[in-house]
Structures are given as structure tokens and as C-alpha cells.
Amino acid sequence: METVFNSNDLSENGKQIVSSLLQSLDQILNLYEGDDILPEKVSAFCIPRIPKEWRELFRD
209 METVFNSNDL SENGKQIVSS LLQSLDQILN LYEGDDILPE KVSAFCIPRI
259 PKEWRELFRD
């Protein structure tokens, strides 16, 4: 995803959405401490949405 984010293929909206997805992936990693999941962090986590029309993420 970082490769796509750093490419010139994304629209401005696409860059914002991919940036949000990358942040969400980091948050998923932070849900764990070693092999143990931290319930207090899980309850605060929300799954990001990807637009139905995913082509809007890319430049024409």
C-alpha cells in the first residue's frame, strides 16, 4: 500500500483514503502487545471504509 501511496497514480481523494488505510493498519498492529490482544484498544478500533467506486481513488 505504501508503494501505491507514494506513486503518482492516486487522485487527491485516493491519497487521503490510502493514507487513512495505512493508519488503520498501524492501529491494528497496536492492538497487540506481544502475542496478547489488548481489549481496551480493540473496543476503540473501527474498520475503515473503501469507497464502492474504488476507481475514484486513481487519476484518470
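Numbering (this note's numbering), first residue to last: 209 to 268. Ideal Cβ positions, reconstructed from N, Cα and C, are used throughout, including at glycine.
State the Cα-Cα distance for the pair Leu246 and Ile236, rounded to the nearest angstrom.
-> 11 angstroms
Secondary structure of Glu261, DSSP reduced to three states | Reduced to three states, the DSSP call for Glu261 is coil.
Whose C-alpha, out of Ser219, Phe253, Glu261 and Glu264, is nearest the C-alpha of Leu234?
-> Inspection of the sequence shows that residue 234 is occupied by Asp rather than by Leu. When only C-alpha atoms are compared, the closest one is Phe253.
What number of angstroms, rounded off, separates the C-alpha of Ser271 from the C-alpha of Asp244?
-> Not covered by the structure: residue 271. The range shown for the chain is 209 to 268.
Report buried or exposed for Ile255, applying the criterion of at least 16 other Cβ atoms within 10 angstroms of its Cβ.
-> exposed
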